[in-house]
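Those protein sequences? They're chains W and E, same order as listed. With the UniProt record's numbering applied, the first sequence corresponds to residues 1 to 371, in that order. With the UniProt record's numbering applied, the second sequence corresponds to residues 1 to 371, in that order. Cβ atoms here follow ideal geometry from the backbone N, Cα and C, with glycine treated the same way. These numbers were taken from a predicted model, which means no experiment stands behind them. Beneath this line is the structure, given in structure tokens, with notes to follow.
Protein chains: 2
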Amino acid sequence: MSVFAIETQSSDTRARTGSLATAHGIVKTPVFMPVGTLGTVKALSPEEISACGAQIILGNTYHLYLRPGCDVIDIFAGLHGFMNWNAPILTDSGGFQIFSLAKMAKITTDGYAFQSHIDGSRHLISPEDAVDIQLRLNSDILMCLDQCISYPAEEKEAQGAHELTLDWASRCQKQIQARNPGQNLLFGIVQGGMYPHLRRLSARGLAELDFPGYAVGGLSVGEPVALMHEMARSTLPLLPENKPRYVMGVGRPEDLVEMTGFGVDMFDCVMPTRNARNGQLFTAFGKINISNAKFRTDTGPIEPGCTCYTCQNFSRAYLQHLYRTREILAYRLNTIHNIHYYTALMGQMRSAIEKDRFLTFRDDFYRKRHP
Amino acid sequence: MSVFAIETQSSDTRARTGSLATAHGIVKTPVFMPVGTLGTVKALSPEEISACGAQIILGNTYHLYLRPGCDVIDIFAGLHGFMNWNAPILTDSGGFQIFSLAKMAKITTDGYAFQSHIDGSRHLISPEDAVDIQLRLNSDILMCLDQCISYPAEEKEAQGAHELTLDWASRCQKQIQARNPGQNLLFGIVQGGMYPHLRRLSARGLAELDFPGYAVGGLSVGEPVALMHEMARSTLPLLPENKPRYVMGVGRPEDLVEMTGFGVDMFDCVMPTRNARNGQLFTAFGKINISNAKFRTDTGPIEPGCTCYTCQNFSRAYLQHLYRTREILAYRLNTIHNIHYYTALMGQMRSAIEKDRFLTFRDDFYRKRHP
């Protein structure tokens with residue numbers, strides 16, 4: 001039985017809507033997943049995450065493994081109970097953050113050895129461990145441990161990373177099967193750097209393993225936007241059509257619109273939450289910086305017509321005051337607006353695809369930004 | 001017509017319940033007012049402040065005058081509209097914070113000259129200015145500008161401060177009458193250091209001016225607790241019985257219980273909010289520090305039986321994790337609990353007074369803390 005059902009297929013792009021069944025409910029796709037690194041989408045309560053329209057959040061395995069540690073989360077039978085979030089959770093494998101945050105990270109064919117960026121403690125994580133940790137978090141969607149590389153990377157390095165990632169994918173799959181996890185879904189990750197032929201080999205190898213879903217990893221790592229789009233566009237058709245497809249760590253609203261057109265079903269990015277904490281707010285007309293002097297006496301909401309809690313209750317002048325005085329409420333109200341913006345954008349795209357008007361939506365999206 | 005009505009008088013203490021009518025609604029007394037320094041009770045939304053049981057909040061005139069400035073708040077016709085809080089607000093006069101925060105503060109018979117602690121800009125605030133600024137904030141309850149002194153202070157200094165404060169009270173009263181403000185209430189402030197005969201003169205002089213309410217200022221400035229209680233206990237009976245009586249900047253739960261017994265009707269203190277941000281949480285059994293190692297795997301709420309949002313939804317283990325990782329949600333969930341604790345304590349006292357069981361309540365209160 002498939003957990004993913006395509007519901008509408010756009011006639012003139014590869015965009016589609018679907019629904020993904022998880023142990024904690026159905027996710028309507030295409031979907032954006034807010035990042036909840038440490039068991040909290042920064043500044044928001046679980047009720048607010050839902051009220052912003054989020055259906056599923058992402059947790060970071062590396063961070064949660066270090067703090068609070070799996071022994072604490074075990075007591076709550078997983079992350080849902082620990083943070084009081086009863087909807088779906090996807091976790092990354094930890095690989096990307098070991099690569100980017102940990103100290104003295106070393107990769108071998110058997111996994112990652114690294115030291116904690118917090119206290120320097122030494123750890124080893126094999127592909128099997130990555131699955132076990134994510135099962136202890138009781139993630140609805142687990143990711144295979146992958147080898148991340150920098151941009152730019154030599155072909156040889158990219159090839160090695162792809163090969164190791166594919167080998168680990170097979171080991172992760174064996175591990176989750178051995179654990180007999182029930183509804184927890186394990187996704188494979190395509191690597192291969194910016195080399196289309198390596199991405200093709202990676203996608204083909206993963207497809208043979210028959211995962212319930214596939215991710216494109218290794219994008220949004222510093223490459224030009226056009227190259228990122230090209231890599232996503234060319235990789236997507238290599239993945240099984242009837243499975244959910246997730247581009248990791250992407251991105252800007254424009255990236256979400258473009259990649260939805262390529263047939264991507266799932267996205268995550270720290271941009272809406274991180275930018276909110278830096279006073280940068282998303283609107284249909286582009287980004288605004290709330291600390292801009294012109295908003296000092298502005299009684300209007302961030303975005304006229306926006307239905308988020310922040311826009312319904314507070315003015316730009318008040319938000320500027322809170323932000324300038326570094327009040328805690330600023331981070332929360334800004335985050336609410338930005339997450340709402342992202343989830344509303346995905347909702348608009350789902351609706352446009354259902355009406356087979358995706359290209360019209362896309363034109364309107366750009367017209368508002370560049371009138 | 002009096003804005004304050006005493007509803008119940010305890011038979012064996014001076015404690016009483018009452019109701020205070022303001023332009024933004026009735027306040028049931030005795031009441032605790034959470035501090036909302038900069039137009040926000042730190043970390044909470046207006047709905048959360050209400051849900052915690054707070055009836056009225058305090059704003060700091062000195063801070064709001066500097067940031068965002070009265071010109072911004074004018075556009076919203078006052079602080080209520082600016083921060084979207086539609087219940088009563090009391091503001092201090094700014095005197096205490098000029099005295100404790102501003103740079104180069106100098107006092108003359110005509111007011112305070114000082115430099116902003118933020119940008120060094122120079123300002124002059126006379127008693128009349130203090131009233132005008134608070135009217136621009138549209139405070140429901142304004143405080144007269146007073147001269148604050150350090151502890152300990154020589155009698156001569158305390159006498160001078162009392163005399164100037166009394167003179168300014170008269171000037172503030174004339175100013176508010178000239179402004180014909182309608183329902184905005186101006187309270188006088190008793191000063192006189194730790195000298196009972198000066199406090200008597202101060203109280204008598206203020207009573208002659210016939211304010212709608214009175215505050216005891218200059219307490220909780222570093223004096224021993226017993227002396228603070230003694231000064232409050234001896235000053236309270238000197239103030240008109242039928243007017244609301246407010247002890248400023250106090251205090252610990254024990255202080256609220258003792259002083260309610262002295263006949264105090266109103267309190268404010270940064271303790272519940274500030275301590276929350278330092279991980280210190282109030283319970284009927286005393287304070288706990290959420291970062292204590294013993295809470296790492298504790299699945300229980302902060303306080304069993306507590307009906308606050310935090311206790312209803314989150315464990316000590318999760319709160320410790322959020323606090324240790326300095327997540328924004330930690331400050332908010334801790335603040336919700338502490339404000340709820342303070343307002344629930346006041347509610348329990350109101351209920352006990354109504355049943356004429358205040359001394360029994362007081363005994364129970366101490367028995368739980370020192371079993």
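Legend entry - Sequence-distant residues of its chain with Cβ nearer than 8 Å to residue 237 of chain E (five each side left out): As a working note, residue 237 of chain E is residue 237 in the second sequence. Non-local beta-carbon contacts of residue 237 of chain E in its own chain, meaning distances under 8 Å to residues more than five positions away in sequence, involve 14 and 263 in chain order.
Inset, instruction - Please confirm whether residue 58 of chain W and residue 110 of chain W have their CB atoms less than 8 Å apart. - result: Walking along the first sequence from the start, residue 58 of chain W turns up at place 58. Walking along the first sequence from the start, residue 110 of chain W turns up at place 110. Going by C-beta atoms, residue 58 of chain W is not nearer than 8 Å to residue 110 of chain W.
Legend entry - Unbroken stretches of the alpha helix (DSSP H), 4 residues or longer, contained in the region 242-303 of chain W: Those alpha helix (DSSP H) runs which fall completely within the region 242-303 of chain W and span 4+ residues are 253-261 and 271-277.
Legend entry - chain W within 8 Å of residue 270 of chain E, Cβ atoms only: Reading the second sequence from its first residue, position 270 is the one you call residue 270 of chain E. No, no contact with chain W.
Inset, instruction - Indicate the three-state DSSP secondary structure (helix, strand or coil) for residue 191 of chain E in the structure shown. - result: As a working note, residue 191 of chain E is residue 191 in the second sequence. It is coil, neither helix nor strand.
Inset, instruction - Flag residue 35 of chain E as yes if its beta-carbon sits less than 8 Å from any beta-carbon of chain W, otherwise no. - result: Position 35 of the second sequence, counted from the start, is the residue given in the question as residue 35 of chain E. Judged by the 8 Å Cβ criterion, residue 35 of chain E is not in contact with chain W.
Legend entry - Which listed residue (E/178, E/332, E/219 and E/129) has its alpha carbon closest to that of residue 151 of chain E: On the second sequence, residue 151 of chain E is found 151 positions in, with the first residue counted as 1. Closest option to residue 151 of chain E, Cα to Cα, is E/219.
Inset, instruction - Tell me whether the beta-carbon of residue 131 of chain W lies closer than 8 Å to the beta-carbon of residue 79 of chain W. - result: As a working note, residue 131 of chain W is residue 131 in the first sequence. As a working note, residue 79 of chain W is residue 79 in the first sequence. No, the Cβ-Cβ distance between residue 131 of chain W and residue 79 of chain W is not below 8 Å.
Inset, instruction - Answer yes or no: does any C-beta atom of chain W fall closer than 8 Å to that of residue 72 of chain E? - result: To locate residue 72 of chain E, count along the second sequence from 1; it is residue 72. So yes, residue 72 of chain E belongs to the interface.
Inset, instruction - Check whether the region 322-342 of chain W touches the region 25-45 of chain E, counting contact only when three or more Cβ pairs, one atom from each stretch, lie closer than 8 Å. - result: yes
Legend entry - Cβ contact (3+ pairs, closer than 8 Å) linking the region 70-90 of chain W and the region 103-120 of chain W: Not touching, per the Cβ criterion.
Legend entry - Residue-level contact to chain E via CB, residue 332 of chain W, 8 Å cutoff: Reading the first sequence from its first residue, position 332 is the one you call residue 332 of chain W. Interface residue, yes.
Inset, instruction - Would you tell me roughly how many angstroms separate the C-alpha atoms of residue 280 of chain E and residue 107 of chain E, rounded to the nearest one? - result: In the second sequence, residue 280 of chain E corresponds to position 280, counting from 1. In the second sequence, residue 107 of chain E corresponds to position 107, counting from 1. Residue 280 of chain E and residue 107 of chain E: Cα-Cα distance of roughly 37 Å.
Inset, instruction - Please compile the residues from chain W whose C-beta is within a distance smaller than 7 Å of the C-beta of residue 327 of chain E. - result: Residue 327 of chain E sits at position 327 when you count from the first residue of the second sequence. Near residue 327 of chain E (Cβ distances below 7 Å), the residues of chain W are 38, 40 and 42.
Legend entry - DSSP state of residue 372 of chain W mapped onto helix, strand, coil: Chain W is shown from 1 up to 371; residue 372 of chain W falls before or after that span and cannot be answered.
Inset, instruction - Output the residue ranges of the alpha helix (DSSP H) runs that lie fully inside the region 15-69 of chain E and measure 4 residues or longer, sorted by chain position. - result: 46-51 and 61-66
Inset, instruction - Could you work out which residues of chain E lie near residue 45 of chain W, taking near to mean beta carbons separated by less than 9 Å? - result: Along the first sequence, read from residue 1 onward, the residue named residue 45 of chain W stands at position 45. By Cβ distance, chain E contributes 309, 313, 329, 332 and 333.
Legend entry - Member of E/165, E/193, E/337 and E/202 whose CA lies at the smallest distance from the CA of residue 221 of chain E: Your numbering for residue 221 of chain E matches position 221 in the second sequence. Answer by Cα proximity: E/193.
Legend entry - Status (buried if at least 16 other CB within 10 Å, exposed otherwise) for residue 268 of chain E: Translated into positions along the second sequence, residue 268 of chain E becomes position 268. Buried, by the Cβ-count rule.
Legend entry - Residue from W/142, W/86 and W/138 whose Cα sits closest to the Cα of residue 95 of chain W: Taking the first sequence and counting its residues from 1, the one referred to as residue 95 of chain W is at position 95. The option with the nearest alpha carbon to residue 95 of chain W is W/142.
Inset, instruction - Could you spell out the range, first to last residue, of the alpha helix (DSSP H) harbouring residue 317 of chain E? - result: Position 317 of the second sequence, counted from the first residue, corresponds to residue 317 of chain E. Residues 316-324.
Inset, instruction - Out of W/144, W/257 and W/195, state which residue places its alpha-carbon closest to the alpha-carbon of residue 172 of chain W. - result: Position 172 of the first sequence, counted from the first residue, corresponds to residue 172 of chain W. If we check each option's Cα against that of residue 172 of chain W, W/144 comes out closest.
Legend entry - Same chain, Cβ closer than 6 Å to residue 261 of chain W, neighbours up to 5 away in sequence not counted: Position 261 of the first sequence, counting from 1, holds the residue named residue 261 of chain W. These residues qualify, in order along the chain: 13 and 15.
Legend entry - Simplified DSSP assignment, three categories, for residue 178 of chain W: For the purposes of this step, residue 178 of chain W is identified with residue 178 of the first sequence, where counting begins at 1. Three-state result, residue 178 of chain W: helix.
Inset, instruction - Please check the pair residue 316 of chain W and residue 285 of chain W, which I expect to be a contact at CB under 8 Å, by giving their CB distance rounded to whole angstroms. - result: On the first sequence, position 316 is the one that residue 316 of chain W refers to. On the first sequence, position 285 is the one that residue 285 of chain W refers to. Going by Cβ atoms, the distance from residue 316 of chain W to residue 285 of chain W rounds to 14 Å, so no, they are not a contact pair.
Inset, instruction - Report the rounded CA-to-CA distance for residue 363 of chain W versus residue 228 of chain W, giving the unit in angstroms. - result: Along the first sequence, one-based indexing puts residue 363 of chain W at 363. Along the first sequence, one-based indexing puts residue 228 of chain W at 228. Roughly 21 Å separates the two Cα atoms.
Legend entry - Minimum length 4: unbroken alpha helix (DSSP H) runs contained in the region 77-153 of chain E: 79-83, 95-101 and 127-136
Legend entry - Opposing strand residues paired with residue 6 of chain E [DSSP bridges]: Locating residue 6 of chain E in the second sequence gives position 6, where the first residue counts as 1. In the DSSP output, where bridge partners are listed per residue, residue 6 of chain E has E/18.
Legend entry - Span of the alpha helix (DSSP H), counted from its first residue to its last, around residue 225 of chain E: For the purposes of this step, residue 225 of chain E is taken as the residue at position 225 of the second sequence. Element bounds for residue 225 of chain E: 225-235.
Legend entry - residue 169 of chain E versus residue 257 of chain E - alpha carbon distance: Counting from 1 along the second sequence, the entry for residue 169 of chain E is found at position 169. Counting from 1 along the second sequence, the entry for residue 257 of chain E is found at position 257. About 29 Å.
Inset, instruction - Following the continuous beta strand (DSSP E) through residue 221 of chain W, name the residue where it begins and the one where it ends. - result: Counted from its first residue, the first sequence places residue 221 of chain W at position 221. Looking at the DSSP string, residue 221 of chain W is not in any beta strand (DSSP E), and its letter there is neither H nor E.
Inset, instruction - Check the Cβ of residue 357 of chain E against every Cβ in chain W and list those closer than 7 Å, keeping chain order. - result: Taking the first residue of the second sequence as position 1, residue 357 of chain E is located at position 357. Ordered by position in chain W, no residue passes the 7 Å Cβ test against residue 357 of chain E, which lies about 37 Å from the chain.
Inset, instruction - May I ask which residues mark the beginning and end of the alpha helix (DSSP H) holding residue 184 of chain E? - result: Counted from its first residue, the second sequence places residue 184 of chain E at position 184. Taken as a continuous stretch (DSSP letters only), residue 184 of chain E belongs to no alpha helix (DSSP H), as it is neither H nor E.
Legend entry - C-beta atoms of residue 55 of chain E and residue 88 of chain E nearer than 8 Å: Translated into the one-based positions of the second sequence, residue 55 of chain E becomes position 55. Translated into the one-based positions of the second sequence, residue 88 of chain E becomes position 88. In contact: residue 55 of chain E and residue 88 of chain E (Cβ atoms closer than 8 Å).
Inset, instruction - Using alpha carbons as the reference points, say which of W/252, W/197 and W/341 lies closest to residue 234 of chain W. - result: Locating residue 234 of chain W in the first sequence gives position 234, counting from the first residue. Comparing Cα positions, the closest option is W/197.
Legend entry - Test: residue 295 of chain W CB closer than 8 Å to a CB of chain E: Looking up residue 295 of chain W in the first sequence gives position 295. Cβ-Cβ to chain E under 8 Å: no for residue 295 of chain W.
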